[in-house]
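Chemist:
This is how it looks when you write it as structure tokens:
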């Protein structure tokens with residue numbers, strides 16, 4: 313069988329990783345930011361996935377997917393996880409805004425630091 317006759321095999325996981333890698337940090341999804349904040353808070357409290365998941369009443373696999381930004385949690389789920397972490401939902405929202413804003417400002421700063429721009433300005 314020649315190479316042209318063989319069926320093409322697509323590595324979907326590799327494509328997803330490439331797609332995530334191409335997305336600028338300033339354009340992160342809200343679920344990724346919230347997941348990162350929840351994971352940071354859980355780790356700051358030295359609590360395990362199993363401990364927090366049990367307190368919320370969900371599987372640790374689902375909580376892990378939320379923390380990794382793979383699942384879009386409902387507002388009820390976010391409130392439950394925040395409650396288990398003793399983190400007011402308002403703090404989750406404000407931290408998310410700060411992280412998204414910081415990422416956008418950093419991305420703009422990186423564009424300004426282009427060496428060609430520095431040479432023109434010198």
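Numbering (our numbering), first residue to last: 313 to 434. Cβ coordinates follow ideal geometry from the N, Cα and C atoms, glycine included. Quick caveat, the model's predicted, so the values are computed rather than measured.
1) Given this structure, state the Cα-to-Cα distance separating residue 385 from residue 375, to the nearest angstrom.
2) Between residue 347 and residue 380, what straight-line distance do the alpha-carbon atoms span, to the nearest angstrom?
3) Below 8 Å, how does it come out for the segment 406-418 and the segment 355-372: are there three or more Cβ pairs, yes or no?
4) Would residue 362 be called buried (16 or more neighbouring beta carbons within 10 Å of its own) or exposed?
5) Using CA atoms only, rank isn't needed, just tell me which of 411, 339, 365, 393 is closest to residue 350.
6) Indicate whether residue 353 and residue 399 have their beta-carbon atoms separated by less than 8 Å.
Modeler: Put simply:
1) Answer to the nearest angstrom: the Cα atoms are 9 Å apart.
2) 6 Å
3) no
4) Exposed.
5) 393
6) Their beta carbons are under 8 Å apart, which means residue 353 touches residue 399 by this criterion.
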